[in-house]
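**Q**
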Amino acid sequence: MSYNSIVLVKQVPDTRAVTGEVMTAEGTMNRAALPAIFNPEDLNALEMALQVRDQHGGTVTVLSMGPLQAAEVLRESLYRGADRVILLSDRKFAGADTQATSYSLAKAIQKIGAFDMVFCGRQAIDGDTAQVGPQTAEKLGVPQITYAESIVSLADGEVVVQRAFDLGTELVKCKLPCLLTVTGSANQPRPPSARKRIEYKLAAIPTEYPKLLEKHTEFGSAEALDQYLAEHHLKIEQWTTANLDVDESQLGLAGSPTQVYKVNYVVLESTESKDIAPTPEGIRALIEELIKEYIVG
Amino acid sequence: MPENFFLDNPDLQYRFTQVDLREVVDIKEKGSPRHETYPTAPRNYDDAKDNYRLILEVLGGIAATVIAPRAAEADEEGAQFHDGQVSYAAATQAALQALKQAELMGVMLPSEYGGLNLPETVYAAMVEIISRAEAGLMTIFGLQEIAATINEFGDEAMKARILPRFGRGEVAGAMVLTEPDAGSDLGSIQTRAVLDEATGKWHLTGVKRFITNGAADIQLVLARSEEGSSDARGLSLFLIEKDETVRIRRIENKMGLHASPTCEIQYNHTPAELIGKRRFGLLRYTWSLMNGARLAVSAQAIGIAEAAYREAYNYASERCQFGKPIRELPAVARMLLSMRGEIEAARALIYETGKWVDRLKAYEQAAAEGTATDPDLRQKQKQAATLAEMLTPLVKYYATEMGNRVCYKAMQVHGGVGYMREFNVERHFRDIRVTNIYEGTSQLQIVAALGKLMGRALDPLLDEWAALDYAAEIEPLRVRLLEGTNLFRQAGDSLKTRERDLIDYYAADLMDMATVVVNGWLLLQDGRTDPRKAELAHVYLAEHLPRLQAAGQAILAADAAPLQARQTILAA
Chain U
10 MSYNSIVLVK
20 QVPDTRAVTG
30 EVMTAEGTMN
40 RAALPAIFNP
50 EDLNALEMAL
60 QVRDQHGGTV
70 TVLSMGPLQA
80 AEVLRESLYR
90 GADRVILLSD
100 RKFAGADTQA
110 TSYSLAKAIQ
120 KIGAFDMVFC
130 GRQAIDGDTA
140 QVGPQTAEKL
150 GVPQITYAES
160 IVSLADGEVV
170 VQRAFDLGTE
180 LVKCKLPCLL
190 TVTGSANQPR
200 PPSARKRIEY
210 KLAAIPTEYP
220 KLLEKHTEFG
230 SAEALDQYLA
240 EHHLKIEQWT
250 TANLDVDESQ
260 LGLAGSPTQV
270 YKVNYVVLES
280 TESKDIAPTP
290 EGIRALIEEL
300 IKEYIVG
Chain D
-16 MPENFFLDNP
-6 DLQYRFTQVD
4 LREVVDIKEK
14 GSPRHETYPT
24 APRNYDDAKD
34 NYRLILEVLG
44 GIAATVIAPR
54 AAEADEEGAQ
64 FHDGQVSYAA
74 ATQAALQALK
84 QAELMGVMLP
94 SEYGGLNLPE
104 TVYAAMVEII
114 SRAEAGLMTI
124 FGLQEIAATI
134 NEFGDEAMKA
144 RILPRFGRGE
154 VAGAMVLTEP
164 DAGSDLGSIQ
174 TRAVLDEATG
184 KWHLTGVKRF
194 ITNGAADIQL
204 VLARSEEGSS
214 DARGLSLFLI
224 EKDETVRIRR
234 IENKMGLHAS
244 PTCEIQYNHT
254 PAELIGKRRF
264 GLLRYTWSLM
274 NGARLAVSAQ
284 AIGIAEAAYR
294 EAYNYASERC
304 QFGKPIRELP
314 AVARMLLSMR
324 GEIEAARALI
334 YETGKWVDRL
344 KAYEQAAAEG
354 TATDPDLRQK
364 QKQAATLAEM
374 LTPLVKYYAT
384 EMGNRVCYKA
394 MQVHGGVGYM
404 REFNVERHFR
414 DIRVTNIYEG
424 TSQLQIVAAL
434 GKLMGRALDP
444 LLDEWAALDY
454 AAEIEPLRVR
464 LLEGTNLFRQ
474 AGDSLKTRER
484 DLIDYYAADL
494 MDMATVVVNG
504 WLLLQDGRTD
514 PRKAELAHVY
524 LAEHLPRLQA
534 AGQAILAADA
544 APLQARQTIL
554 AA
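Line by line, the protein sequences are chains U and D. Our numbering applies: residue 10 is where the first sequence begins, and numbers increase by one. Our numbering applies: residue -16 is where the second sequence begins, and numbers increase by one.
Structure below.
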């Protein structure tokens, strides 16, 4: 039995590299000052999908919604073994919150067609909402398993998944098709393959042609390059709103109920500390103080 | 923490950019029409170079993020031996898994066997990157040379059966030469190969020792096929696939390279296949296999030296004494500069060597395929053969001795903490030590190079380099180097006239002179277009030209007294 998977991935600014220069006076982020990377937990999601394919057969389709630069994470997906990649990009998608994003993604998934599992990273490191996966599942009308740590078994139209929490794990059984959000501790994402890196190095969307032509002068013209890429299955599929059956009022900024009211700088600093004796008395004193301060209880 | 061992190394990238492999790629890729059949085959030379760069980038990423962070763990746990079975450390297994996932195993092989048809020069860069991350892993990765040897000398059926398995990274190889009583003197090998005349099948019986990665699935074994013979002409090379007749008796408890299992193997009537022709085992095939391995070990030494240098530089930048980072103290700066100069010199030398080795292989391939249209092919092949044979022992000698000097100084820069196991430099110091011992000791490299050195085999290269245009700023350096070059020639001519023992006694001095002269010209050439390299050449020559002069004087004087005194002094 083989399984067809769809993986949702996002290109994000590398928030691990945030410095003073990256933050604007208004408290928003200057994205251009940060390197764009593959959202880390989306790599775990891709890895889980690739492992399903390696063990059971089937296909892995990777879908990303974002600006044209997001073609890069799709190439990264091809280097790691994705069978098909699709870029969902249109100005009309811009400014989308999780509601509008999941609406658009769900529409694109429906266009891709039948699937057994959708894999997403648990959350993206830029927004940290962890909402897009669950909302997409709702819109697709399929069950969701969040915080997936590993697939314990996959057979007879059912998947058993171990979910991870701070305090333990949980096994859940679910009928296919379903959607999983995958945690960063689920697996060690595979490195890109050197051979696929070579095979797919020209994989591109048309806006990237000028840059490719600069480096690979032998193609001469955009038309010649386009023809070569088409013949060698190296054109990254690009979908716009025109390719989808969508209600435009639900897209982008217009379709987003979330409004950012204000951004606060929060500076965490501890000015004082106290030692608590590691004895029953010391701990009792601490608990009493926490109750008195209305911190617990 | 660096994220890529190729992208964070400007000198390695510089070498890679400089090296001209156009002719090699043209011949190897047969003019590049194969792209339509093999999606990874290049479309042209620039495309090939770009592909090689991508391979090094992928490997550099894995080396920095997967392999290096667990190198200390791989060393600590080491390869294990239980109940006749050899296993790798967990960190080594994870490293191999990543290399396999990245489809980097078997990349040397031609495309038809699932490889990427890589030149030796690129392979040397790969070995350096791996070794910088974890030197012990290199012996497992580096044994891809086994597959290359099968490709070169095996018959078509053997190649079709074995090589795709290497290409998919399913099997590892081992080169099985050494025996308890046959180390440097391989001609005295005892392991017997017996031909069953009725079935036409060979079987091996005997014991091999110090076999790197000896539990490998595919082994190339040197054995005595001619009964009654006692020298190299009675030896043939065999391929065996490890089965129950192959018993691993133990693995060695080594000073370094702990992740790499060094095995003692017993063959008990093990089925074997002859590679190529009988009696050519040592003289032709093993010699070729060892030359490839010598280049790999040179790259390994450069990788370890690079790692040790970086540890020393970082430590010297952070450690403050007398109110400043110690790297600012002239005595420490001297050590760091010496290390940097030698590492970049060795890298220049290995790329020059790799270029000639690649050219030789390409010309041989063109000649064998009979497709060559170049009327000068024979002549070019001869020149490439001479230089490859000359430069291979030279780089093996220089890079591994250099690596030892660098690791010694790197520990010295650390002071007391460098002697502690918590610091990586302690591991590098242990790992580097074998590089000038295995795959032929430094003393054997001198023997291999000596005839050609005294026969002035380097002259065409040296003349060509000296005749180039050098800017006025580096002219004084050129003049000094030319003087050194003339002294080297004079010393070689003089040594040639001495008696055999005296020649062998002073041969090491001539070898040292040769390394300074060749490295000096290589670095000075870089200085023609790169101001930093001009300064580096100065740093290198300021240290090494006086040593060249001292070695020259020793050879010209050829004082026989030390050699004559060996009985009275040593036996006392």
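The C-beta atom is built at its ideal place from N, Cα and C for all residues, glycine as well.
Taking just the CA atoms, how far does Ile309(D) sit from Ala299(D)?
**A** Taking the straight line joining both Cα atoms gives about 5 Å.
**Q** Flag this pair as touching only if the segment 304 to 322 of chain D and the segment 81 to 96 of chain D have three or more C-beta atom pairs under 8 Å; answer yes or no.
**A** No contact exists between the segment 304 to 322 of chain D and the segment 81 to 96 of chain D.
**Q** Could one say the Cβ of Ala203(U) lies closer than 8 Å to chain D's Cβ atoms, at least one of them?
**A** Output row for Ala203(U): interface = yes.
**Q** Under 7 Å Cβ-Cβ, which residues of chain U neighbour Gly44(D)?
**A** Going along chain U in sequence order, the residues near Gly44(D) (Cβ under 7 Å) are Pro200.
**Q** Express the C-alpha separation of Phe(-1)(D) and Tyr106(D) in angstroms, rounding to a whole number.
**A** Using only the alpha carbons, I get a separation of about 11 Å.
**Q** Can you check DSSP and say which residues form a bridge with Met273(D)?
**A** Looking at the DSSP assignment, Met273(D) forms no beta bridge with any residue, so it has no partner.
**Q** So with Cβ pairs under 8 Å, would you call Lys210(U) a contact of chain D?
**A** Output row for Lys210(U): interface = yes.
**Q** Does the segment 475 to 487 of chain D come within contact of the segment 435 to 448 of chain D, defined as at least 3 CB pairs closer than 8 Å?
**A** Contact between the segment 475 to 487 of chain D and the segment 435 to 448 of chain D is present, because at least three Cβ pairs lie under 8 Å.
**Q** Between Arg206(U) and chain D, is any beta-carbon pair separated by less than 8 Å?
**A** For Arg206(U), the answer is yes, since a Cβ of chain D falls inside 8 Å of its Cβ.
**Q** Exposed or buried, Cys303(D), counting other C-beta atoms within 10 Å across all chains shown (16 or more means buried)?
**A** So Cys303(D) ends up on the exposed side.
**Q** Anything in chain D within Cβ reach of Glu227(U), meaning under 9 Å, just list it in chain order.
**A** Near Glu227(U) (Cβ distances below 9 Å), the residues of chain D are Arg26, Asn27, Asp29, Asp30.
**Q** May I have the straight-line CA-CA distance separating Leu87(D) from Ser202(U), to the nearest angstrom?
**A** Near 8 Å, if we compare the C-alpha coordinates of Ser202(U) and Leu87(D).
**Q** So with CB distances below 7 Å, who are the chain U contacts of Thr23(D)?
**A** Chain U residues near Thr23(D): Arg204, Ile207, Glu208.
**Q** Do you know whose CA, among Thr104(D), Ile10(D), Asp66(D), lies nearest Tyr35(D)'s CA?
**A** Per the Cα distances, Thr104(D).
**Q** Near Pro93(D), what residues of its chain come up, given a Cβ to Cβ distance below 6 Å and the 5 sequence neighbours on each side ignored?
**A** Asn100.
**Q** Scan the segment 254 to 328 of chain D and note each continuous alpha helix (DSSP H) run of 4 residues or more that stays entirely inside, going in chain order.
**A** 270 to 301, all fully within the segment 254 to 328 of chain D.
**Q** Between Ala131(D) and the ligand PLP, is there a pair consisting of the residue's CB and a ligand heavy atom that are separated by less than 7 Å?
**A** In the structure on display, the ligand PLP does not appear, and there are no ligands present to speak of.
**Q** Can you tell me the Cβ-Cβ gap for Arg192(D) and Thr161(D), rounded? I've got them flagged as a contact below 8 Å.
**A** Right, the Cβ-Cβ distance comes to about 6 Å (below 8 Å), so this counts as a contact.
**Q** Could you give the first and the last residue of the continuous beta strand (DSSP E) run that contains Ile302(U)?
**A** As written in the sequence, residue 302(U) is Glu, which differs from the Ile given in the question. Premise fails: Glu302(U) is in no beta strand (DSSP E) and is neither H nor E.
**Q** Between the beta-carbon of Gly535(D) and the beta-carbon of Phe471(D), is there less than 8 Å?
**A** Yes. Within cutoff.
**Q** If you draw a straight line from the alpha carbon of Val181(U) to that of Leu52(U), how long is it in whole angstroms?
**A** Cα to Cα, the separation comes out at about 23 Å.
**Q** Put Leu451(D) into one of helix, strand or coil per three-state DSSP.
**A** Leu451(D) falls in the coil class under three-state DSSP.
**Q** Can the beta-carbon of Val170(U) be found closer than 8 Å to that of Glu50(U)?
**A** No, the Cβ-Cβ distance between Val170(U) and Glu50(U) is not below 8 Å.
**Q** Here's a check: name, in chain order, each residue in its chain whose Cβ is nearer than 8 Å to the Cβ of Leu465(D), leaving out the five neighbours to either side.
**A** Same-chain partners within the cutoff: Ala449.
**Q** Please list the partners that Ala81(D) has in chain U, where partner means a Cβ-to-Cβ separation under 7 Å.
**A** Within chain U, the residues near Ala81(D) are Pro200.
**Q** What distance in whole Å lies between the Cβ atoms of Val8(D) and Tyr334(D), which are believed to be in contact at a cut-off of 8 Å?
**A** At roughly 15 Å, the Cβ-Cβ gap does not stay under 8 Å, so Tyr334(D) and Val8(D) are not in contact.
**Q** Span of the beta strand (DSSP E) holding Val49(D)?
**A** Taken as a continuous stretch (DSSP letters only), Val49(D) belongs to no beta strand (DSSP E), as it is neither H nor E.
**Q** For Ala85(D), which residues in chain U fall below 7 Å Cβ to Cβ?
**A** Those within 7 Å of Ala85(D) in chain U are Pro200, Pro201, Ser202, Ala203.
**Q** So, for Ile45(D): in the same chain, excluding its five sequence neighbours on each side, which residues have a beta-carbon less than 7 Å away from its beta-carbon?
**A** Excluding sequence neighbours, Ile45(D) sits near Ala81, Leu82, Ala85.
**Q** Can you find a CB in chain U that lies within less than 8 Å of the CB of Ile123(D)?
**A** With 8 Å as the cut-off, Ile123(D) does not count as an interface residue toward chain U.
**Q** Based on the DSSP secondary-structure assignment, which residues constitute the bridge partners of Tyr489(D)?
**A** Bridge partners of Tyr489(D): none, in fact.
**Q** Which value, in whole angstroms, describes the spacing of the CA atoms of Gln63(D) and Glu372(D)?
**A** Rounded to whole angstroms, Gln63(D) to Glu372(D) spans 37 Å at the Cα level.
**Q** 8 Å is my cut-off, CB to CB: does Asn134(D) come that close to chain U?
**A** By this cut-off, Asn134(D) is not an interface position.
**Q** Between the Cα of Ile172(D) and those of Ile258(D), Val204(D), Leu120(D), spot the shortest distance and give me the residue it belongs to.
**A** Among Ile258(D), Val204(D), Leu120(D), the Cα nearest to that of Ile172(D) belongs to Val204(D).
**Q** I need the DSSP call for Met121(D), collapsed to helix, strand or coil.
**A** Residue state, collapsed to three classes: helix.
**Q** Leu278(D) CB to nearest chain U CB: under 8 Å?
**A** Not an interface residue.
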